[in-house]
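Those letters in the sequence shown? Residues 0 to 331, by numbering that gives the first Met the number 0.
Virtual Cβ for every residue (Gly too), placed ideally from N, Cα, C.
Because the structure is a prediction, the values reported are computed rather than measured.
Data first, discussion second: the structure below is written as structure tokens.
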Amino acid sequence: MDLQDRSNAFDKAMLKTLKSDETLKITNADIAQDTAITAAQRQLSVYELSNDEAEVEAYISLKTVFDTYKGIQKWNYEEERNGIDNLLIDLCAPKYVKHIATLQMERYITRIATKAAAFKELFDNRIQETKPFLLPSDLYPKKNFVLPLIMSQQQVQQLFAAALTLKERCVVGILYGAGLRISEVANLKIDDIDSASKRIKVCQGKGGKDRFSLLPDSLLQDLRTFYVQENKPPMYLFTSKQTQGAMHSRSLQTTVNSAMKKAGFENKGFTAHTLRHSFATHMLDNGSNIHVIKTLLGHAKIETTMIYLHLQQHIQFGIVSPLDVLNGGANA
């Protein structure tokens, strides 16, 4: 069966399903724009896809909600509708994970989860519906639990001892000293730096929530000098020379990469987020309360913060291997 035949087969199967429910008003033109072509290109079985009742219902529900609201809401309807097409393909694709190379699996799963989260945010915040559509979480695989990469305190000292530019010191200083995300650093405004209270206000961080984090004393003078060096920008601390708006996160990551290279960590895989992870872990090592760290990081759930316990509990609690006990080790 060639590509066009598979497309036609999917159209017929979908049309039959749609006609079985008189409450759905989706036109043939809408169906012609569905996922068939892309599904065939990705070597999914159109027959199995169209006969999986739960997946077809999920597709129809999404299409119907967008058909209902496209005349009310003001956004690029076609672009986001195409996004739904691709999302549903990905939600159906776990049946065929054997066709995906092992080395690509982690990236593939992350992409699906990101799309699902994006559409959940869309329905929560841009469509007013008494029964918002919920993407069935069991339709896509879960990502394996992997401990985050962190730097040791000695490595952080080595980083700050390197010949960094003033901008590099400020960027890595905020990431490690306050535990901010790179996007939050990019959106920092001058007024968010509260030198009197020694804190940084994070406006509309992940999840759309404001919070406060730490402003290290040792960083404050560098920030003041940088502000003057940049000709006192009126709004954003890190300003794009091209747009005069907030600097893009990718540009700041380039700054972090440059600092890591100067410190001799070019091949360690350390990123901006590594500094955030290190902030949390080192605070735990120093005896800070995990609930305080949760607030500083802006985590919605304590379970997210508890991952750092895996990275430091052997230090905090002085755990000794039973083999060392049996052998009369020094720490026994």
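Note to self: On the CB-based measure, 16 or more other CB atoms within 10 Å of its CB, does R249 come out buried or exposed?
What the structure shows: exposed
Notebook entry, point to check: Within the chosen definition, does the segment 263-277 reach the segment 173-180 through at least 3 CB pairs nearer than 8 Å?
Noted result: yes
Check: Pick from I173, E229, Y307: whose alpha carbon is nearest that of K200?
Finding: I173
Note to self: I'd like the list of long-range same chain contacts for M305, defined as Cβ closer than 8 Å, with 5 residues on each side in sequence excluded.
What the structure shows: I289
Next item on the list: Find the nearest neighbour of T164 within the set S212, F225, L146, judged by alpha-carbon distance.
Entry: F225
Notebook entry, point to check: Straight-line CA distance for M259 to L158?
Noted result: 7 Å
Note to self: Just list the residues that DSSP pairs R275 with in beta bridges.
What the structure shows: R275 pairs with nothing; no bridge assigned.
Check: Does the separation of the CB atoms of L214 and K197 fall below 8 Å?
Finding: yes
Next item on the list: For A162, I'd like the list of residues in its chain whose CB is within less than 7 Å of its CB, leaving aside the five on either flank, ordered along the chain.
Entry: K261
Notebook entry, point to check: Starting from R336 and walking both ways along the beta strand (DSSP E), at which residues does that stretch end?
Noted result: An answer regarding residue 336 cannot be provided, because it is not within the stretch 0 to 331 covered by the chain.
Next item on the list: For I149, name the three-state secondary structure that DSSP assigns.
Entry: coil
Check: Rounded to a whole number of angstroms, what is the C-alpha to C-alpha distance between Q152 and H281?
Finding: 7 Å
Check: Cα separation between Y95 and L325?
Finding: A caution first: Y95 carries a pLDDT of 43, below 50, which makes its placement in the model too unreliable to give a value.
Notebook entry, point to check: Whose C-beta lies closer than 6 Å to the C-beta of L295 among residues of the same chain, with five residues either side of it excluded?
Noted result: G178, S212
Margin query: Tell me the residue span of the beta strand (DSSP E) that contains R198.
Written below: 198-201
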